[in-house]
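Comments concern the structure below.
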Amino acid sequence: MAAMAATLLTTASPALAGAPPAPVPATTDWSLSAEPERCVLSRDFGAGKTFVRLRLTSYGAGEWFEVDAFGNMHGVSVASFRFLPDGKPTPRIAAAWGSTPYNRRSLGGWMIGGSDLLGRVADMNEVLPLVTAVQAEAQHALAIDIGTKRFVLDTGPMAAPLEQLRACRADMVRGWGLDPEVQSRLKSRPQPVNDRTRWFTTADFPSFGASGIQSGQVFFRLMVDEQGQATSCHVQNEAAEERLGQLTCKLALRRAKLQPAIGADGAAVASTYAGVVTWGGVVLRVSGGEAAPVGGESATVVTAPVWDRPPLEPIKRP
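Going left to right, the sequence shown walks through residues -17 to -1, 1 to 301 as mature numbering (1 follows the signal peptide of the UniProt record, and there is no 0) numbers them.
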């Protein structure tokens, strides 16, 4: 890990086996960005070498959200997180590093993983009971473990931020032509009936020649009808290189075999299936699946976020 990363983590906390670290205080209020394909809740903590920008990103799949932390961090390591005091630690994954401009300087960024507020879910398509207001209010900090170091962000009670994220998610799902009330009461979301790790293979990895594009991460959403047919595919993250997004959606539409979502009354309903694939390194998650290599053996590099890129056009099934 680069020296700057070690500086941040050592300053923020001692080693995991030592005394609990002092929480890094928040320096801004929560900020919500509502986009057609995702809702991003962000907040800044600390200053200088201890600066961290935290992002919680919902892609519309229930209570699941992605956790990213941007700061003076560089390199690749393993990481996990948990909300305190009641959240379960998420599985330690190979944390992907990228960079993003901030105040004319480059910050490292860790994609730390995904879960709900209580750490109960690693697969974004799993259905779990909603976190209650009492449970959310009790969670007041986020502990992030990267390598052998830990730092804690003083988030404050999480009930109000979680409600913001839920309201945004409901509006987003409504914009997709679905009833958010129906979606929030699903017994099950669409599930693969074939091996999802075979949807994307090493042989699919494209060569873009002189363009220099060698890696990229794609979050995608399949619209799935009552018969389990994937009718369209939408790229959800602006960091995805357009051609990789198009390739991902074409392959998913061609290869994904799904059973439909089941509503509260036991009948099949239209819904969405969410996934994420990283090309050019390792697949950190194909909708919560086991890691599998795609297109090489090098460590994953997350494409730098482009904050103002418009969403890519959806790809329809031919």
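Each residue gets a CB set at the ideal place from its N, CA and C atoms; glycine is no exception. No experiment lies behind these values; they were computed from the predicted model shown.
Mark P140 as exposed unless 16 or more other C-beta atoms lie within 10 angstroms of its C-beta, in which case mark it buried. Sixteen is the threshold: since fewer than 16 other Cβ atoms of the shown chains lie within 10 Å of the Cβ of P140, the residue is exposed.
Suppose you measure from the CA of A251 to the CA of D162; what does that come to, to the nearest Å? Cα atoms of A251 and D162: separation of roughly 14 Å, rounded to the nearest angstrom.
DSSP on S167, reduced to helix/strand/coil? Three-state result, S167: helix.
According to DSSP, is L241 part of a helix, a strand, or is it coil? In the structure shown, L241 sits in a strand (DSSP, three-state: E or B).
Cβ shell of A124 (< 6 Å), same chain only, five flanking positions each side left out: The beta carbon of A124 sits closer than 6 Å to the beta carbons of P6, L67, V135, D137, T138 from its chain, once the five residues preceding and following it are set aside; these are given in chain order.
V35 beta carbon less than 8 Å from that of G43: The beta carbons of G43 and V35 sit no closer together than 8 Å.
I129 versus Q166: straight-line alpha-carbon distance, rounded: Straight through space, the alpha carbons of Q166 and I129 are spaced by roughly 34 Å.
Going straight from the alpha carbon of A143 to that of A121, what length do you get? Spanning the alpha carbons of A143 and A121 requires a straight line of approximately 11 Å.
Nearest to G97 by alpha carbon, out of W47, N108, T180, S25? Distances from the alpha-carbon of G97 to those of W47, N108, T180, S25 put W47 closest.
To which residues does DSSP link W262 through a beta bridge? Per DSSP, the beta-bridge partners of W262 are G199.
Excluding sequence positions up to five away, which residues of its chain have a Cβ less than 8 Å from the Cβ of R172? Here the set comprises A44, G45, N108, E109, V110, A244, S254, T255, Y256.
Using the Cβ count rule (16 or more neighbours within 10 Å means buried), how would you classify N86? Its pLDDT being 40, under 50, N86 is placed unreliably in this model, and the coordinates cannot settle the point.
Determine the DSSP secondary structure at A5, reduced to helix, strand or coil. Looking at A5 - three-state DSSP - the assignment turns out to be coil, as it is neither helix nor strand.
When the Cα of D51 is compared with those of P4, I127, D12, P8, which residue comes out closest? Cα-wise, what sits closest to D51 is I127.
Cut-off 6 Å between Cβ atoms - residues of its own chain near A72, not counting five sequence neighbours on either side: Looking at the sequence shown, residue 72 is not Ala but Pro. Taken in chain order, the residues that qualify are S63, R65.
DSSP state of R75 mapped onto helix, strand, coil: In this structure, R75 counts as coil in the three-state DSSP scheme.
Mind checking whether V218 and G211 have CB atoms under 8 Å apart? No, these two residues do not count as a Cβ contact at 8 Å.
Return helix, strand or coil for M155, following the three-state DSSP convention. DSSP places M155 in helix when its eight states are reduced to three.
Give the straight-line distance between the Cα atoms of P3 and G54, rounded to the nearest whole angstrom. Going by the C-alpha atoms only, they are around 21 Å apart.
Have a look at R204 and R133 and give me their C-alpha separation to the nearest angstrom. Rounded to the nearest angstrom, the two C-alpha atoms are 33 Å apart.
Does DSSP put D128 in a helix, a strand or coil? Of the three classes helix, strand and coil, the one that applies to D128 here is strand, per DSSP.
Coarse secondary structure for D248, derived from DSSP in three states: Looking at D248 - three-state DSSP - the assignment turns out to be coil, as it is neither helix nor strand.
Using the Cβ count rule (16 or more neighbours within 10 Å means buried), how would you classify A287? Per-residue confidence for A287 stands at a pLDDT of 28, beneath the threshold of 50, marking its modelled position as unreliable; no derived number is given.
Please classify L15: does DSSP put it in a helix, a strand, or coil? L15 falls in the strand class under three-state DSSP.
Would you give the residue range spanned by the beta strand (DSSP E) that E49 belongs to? Here the beta strand (DSSP E) through E49 covers 48 to 54.
What whole-angstrom Cβ distance do A213 and L236 have, given they're in contact under 8 Å? The pair is a contact, with the Cβ atoms about 6 Å apart (cut-off 8 Å).
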